[in-house]
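Below: one structure, written as structure tokens.
Protein chains: 2
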Amino acid sequence: MTTKPRTPSAPMALQGGSAPAAALPSSALAFARTEYHERLAAVRASMEAQGLEALVISDPSNMAWLTGYDGWSFYVHQAVVVGLKADPLWWGRGMDAAGARRTVWMSHDHIFGYEDWLVQNPEAHPMTVLAELMTDWGHGQAAVGVELDNYYYSAAAHRALTEGLPEAEISDATGLVNWCRAVKSPAEIAYMRRAGEIVTEMHRVIAEVAEPGMQKNALVAEILKAGALGTRGAWGDYPAIVPMTPSGMDATAPHLTWDGAPIPRGVPTFFEIAGCHRRYHCPQSRTLFFGEPPKKYRQAEEALMAATAAVMGAARPGALCEDLARAFSSTLERYGFRKESRTGYSVGLSYPPDWGERTMSLRAGDTTELQPGMVFHFMPGLWLDDGGIELTETMLITEVSAEYLANTPPGLVVKP
Amino acid sequence: MTTKPRTPSAPMALQGGSAPAAALPSSALAFARTEYHERLAAVRASMEAQGLEALVISDPSNMAWLTGYDGWSFYVHQAVVVGLKADPLWWGRGMDAAGARRTVWMSHDHIFGYEDWLVQNPEAHPMTVLAELMTDWGHGQAAVGVELDNYYYSAAAHRALTEGLPEAEISDATGLVNWCRAVKSPAEIAYMRRAGEIVTEMHRVIAEVAEPGMQKNALVAEILKAGALGTRGAWGDYPAIVPMTPSGMDATAPHLTWDGAPIPRGVPTFFEIAGCHRRYHCPQSRTLFFGEPPKKYRQAEEALMAATAAVMGAARPGALCEDLARAFSSTLERYGFRKESRTGYSVGLSYPPDWGERTMSLRAGDTTELQPGMVFHFMPGLWLDDGGIELTETMLITEVSAEYLANTPPGLVVKP
């Protein structure tokens, strides 16, 4: 293990060493090149406003939004480096450089792969190689922003990068790119509408096939199938979160998944799921009862639907995120309910583990002004003492008000 | 946003404030309590060997293995704290404390939830609250290990925890718990065998339903359905990685997922998938051709099968990880092929984004001695200049040799 990893973009496992991949066209980009260029310009404007000369992007959603890169490779260290002039650099594991060549819009001399012995090796860190690459590209003494609070930027990654760039001035730029993503383009909204059609179909399947006593995993199998099949016009991509489908007491907890137990009568089962098309999400939740729901749940349903109406009445450009939270909680309180957690968050392009964009939250203290093109997963849900109810919607802010991106009938799903 | 978050385990959104959940039994644990106690003892022995008095576990796989905690909540900060005497503490978002009460073996006074305004709030970090909790439990001046290179332990989390524990001595304990997981118990092996049955069924479905020109996402829909349905004896859980299913040139890259394009003739499509039961994985890959494969791929198949036989011949307790890598690559070289990336890694219990355990790798330089009960995803795969071939197996080290956990026929899958 003495090799120094300095070969950029090393082709992997080639017979005879030929590397024609670099000469071939990429798979179809999800967006026009002009749109990528506009995104890059927006990010650079934010960088300049924060005094940054380079940005290291580890969030796979941000990497994809900026470059088109798409692959399940975020379990190893990888990044996109944005400077103020040259096109972005894609940097990652050598074998994933092939995936970058297939998916990014930059020319292939901006793609750099590190050697495989650096993968999950406690004796060396790939970020050391990234530091060398950044130095080669003139960022050795730059003001560098990093995504300090991101899943894919570990404490060890930060330590190795910082040690490798001793003359750079490194600061926190968590959320910089995410905020540039807050207002969706028409092309992004078109993808999210397709995701909305997909999740509508997924909920239709639940209402159609769920039966009392059916094993929960068998119902999830149908949900997953419907999600990947998609609709006539839109193939289904994988959502960034798997279906959350708890019943009864397990539905007092919002984030349990499923097992092989039968779906019971007399208690709620909620389904928090999303349709996904080309990595763009439309989450939506519904709650299922076999038999007439207990009165308490009918009251909760009434309260949530009234609060939802209040929010939709308040949602328009110029209103603040916290205004929607206030409209929601004040209505809910009139019905005798309380929800302490945030009532929504921004959604769009995502990779696991979260379909939220981690920018705006619909909660007290968030004074972000709504703008046309913002999209929120609005979360009317209550986790009661013996179960839970979720009736959530993905909501697009339009020029004058707001609209839903999915078309599932409102309210509880009740089957005999 | 002035509230100080000091209420441990705050019940969320209760009508009238009653919290009977704490008094109710948890969902069935995946393992006997004695097994959890043995795991804890093993971790404490490693802690003492490294001079650690407390351990902060952020890896959801490690959290689940130690405590039973199961929920898709790892997109917010959460942890398990292990000291040398008291039972572990579960700490996470307030609403997820309900999920902890449903899934962990510890008593509920060891479950602590933080308030929701700390979620994804750039002005405050929940790790500050964890530092206070740890101080309350006597770890304020302890030798504390953290998982410095983990997806779910960001650079910002480390900074906030370090600042909150100024008198503690914090050091890197990445992999400490993972290494304790290397040798599986009989109960764990039983779950992995069930996962093996599930992945066998998933590959059977691929061979049955795949047709030339079928949209890739429609085939993935069937794969996902089969994976969640599981088998008669085992319900299907979600694998930590979604199906990777590239065709043709996209199969020169190992980690691309799928889209809506038709599955083409004349080029390989590989399927890297896993069966999963109660979070335990059995990955396995196969490669599909419609029509007779080009000679080069038949040669690659022959080489991989010979190399696989060499590895299975060498796999036994006492052999080293690198011995298997050497058996593999020397055989492959005799056939004129080369694979530079590692040829396998340890697998078991996992959450996204990786089904690997991030401990042993089958590669040069890894001198870990094989022991009965270790399980590897053995990765005979070649990414050639115009496509890829993967024929991989999950392999259990037995008392005398090794065996496969899945039962899919070997070699290329060829359909008319």
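From first to last, the protein sequence lines are chains A and B.
Counting with our numbering, you get residues 2 to 417 for the letters of the first sequence.
Counting with our numbering, you get residues 2 to 417 for the letters of the second sequence.
Glycine included, every Cβ here is placed at the ideal spot set by N, Cα and C.
Note that the coordinates shown come from a computational prediction; the quantities given were computed from them, not determined experimentally.
Taking each of B:Glu-202, B:Val-145, B:Leu-162, B:Glu-198 in turn and checking the Cα distance to B:Leu-177, the smallest one comes out for B:Val-145. Within the model, the alpha-carbon separation for B:Leu-325 versus A:Ala-252 is close to 47 Å. Taking the Cα of A:Glu-148 as reference, the smallest distance to any Cα among A:Glu-133, A:Ile-171, A:Gln-142 is reached at A:Ile-171.
Residues of the stretch 148–164 of chain B whose Cβ lies closer than 8 Å to any Cβ of chain A, in chain order: Leu-149, Asp-150, Asn-151, Tyr-152, Tyr-153, Tyr-154, Ser-155, Ala-156, Ala-157, Ala-158, His-159, Arg-160.
Judged by DSSP in its simplified three-state form, B:Glu-189 adopts helix. Here the stretch 361–377 of chain B makes no contact with the stretch 254–274 of chain B; the two share fewer than three CB pairs at distances below 8 Å. Contact between A:Ala-174 and A:Gly-141 fails: their C-beta atoms lie close to 18 Å from each other, not under 8 Å. Every unbroken stretch of the alpha helix (DSSP H) spanning 4 or more residues and falling wholly within the stretch 138–180 of chain B is given here in chain order: 156–165.
In the DSSP assignment, A:His-38 falls outside any beta strand (DSSP E) and lies within the alpha helix (DSSP H) extending over 34–50. The stretch 207–226 of chain B and the stretch 201–210 of chain A do not touch, with fewer than three beta-carbon pairs separated by less than 8 Å.
Against chain B, a Cβ distance below 9 Å from A:Ser-248 picks out nothing, because the smallest value is about 11 Å. Taking a Cβ-Cβ cut-off of 9 Å, the neighbours of A:Ala-222 in chain B comprise Leu-225, Lys-226, Ala-227, Gly-228, Ala-229, Leu-230, Gly-231, Gly-237, given in sequence order. Uninterrupted beta strand (DSSP E) stretches at least 3 residues long and entirely within the stretch 335–395 of chain A occur at 345–348, 357–362, 376–379, 382–384, 389–391, given in chain order. For A:Tyr-76, the residues of chain B that pass the 7 Å Cβ criterion are Pro-354, Asp-355, in the order they occur in the chain. Judged by DSSP secondary structure, B:Gly-314 falls within the alpha helix (DSSP H) whose first and last residues are 296–315. Not a single CB atom of chain B sits nearer than 9 Å to the CB of A:Gly-214.
Neighbours of A:Met-96 in chain B, taken as residues at a C-beta separation under 8 Å, are given in chain order as Ala-254, Pro-255, His-256, Ser-342, Trp-384.
Under the DSSP assignment, A:Val-82 falls in the beta strand (DSSP E) whose first and last residues are 80–84.
When A:Gln-121, A:Pro-240, A:Ser-155 are compared, the shortest CA-CA separation from A:Ala-196 is found for A:Pro-240.
At a beta-carbon threshold of 8 Å, the residues of chain B lying near A:Arg-359 are Gln-121, ordered along the chain. It is roughly 15 Å from the alpha-carbon of A:Pro-318 to the alpha-carbon of A:Ser-347. At a cut-off of 9 Å between beta carbons, B:Thr-288 makes no contact with chain A.
Under the three-pair Cβ rule at 8 Å, the stretch 153–161 of chain B does not count as touching the stretch 388–399 of chain A.
Per DSSP, B:Leu-413 lies in no beta strand (DSSP E) and is assigned neither H nor E. Against chain A, the CB of B:Arg-205 has no partner CB under 9 Å away; the residue lies outside that interface. Among the residues facing chain B, A:His-111 is not included, as its CB has no counterpart in that chain under 9 Å away. Here B:Phe-75 carries a coil assignment [DSSP, helix/strand/coil].
For the C-beta of B:Ser-62, not a single chain A residue is nearer than 9 Å; the gap to the nearest is close to 12 Å.
In chain order, Pro-123, Ala-157 make up the part of chain B whose C-beta sits under 8 Å from the C-beta of A:Thr-175. The three-state reading of DSSP puts B:Ala-98 in helix, counting H, G and I together. In the displayed model, A:His-109 falls within a helix according to three-state DSSP. Residue pairing for B:Trp-92: DSSP places it in a beta bridge opposite B:Ala-80, B:Phe-113. Your pair B:Trp-180 and B:Thr-332 does not check out as a contact, with CB atoms roughly 29 Å apart and the cut at 8 Å.
The DSSP-derived three-state label of B:Ser-402 is coil. For B:Ala-219, the residues of chain A that pass the 7 Å Cβ criterion are Leu-230, in the order they occur in the chain. When 7 Å is used as the limit between beta carbons, B:Val-243 is near these residues of chain A: Trp-73, Tyr-239, in chain order.
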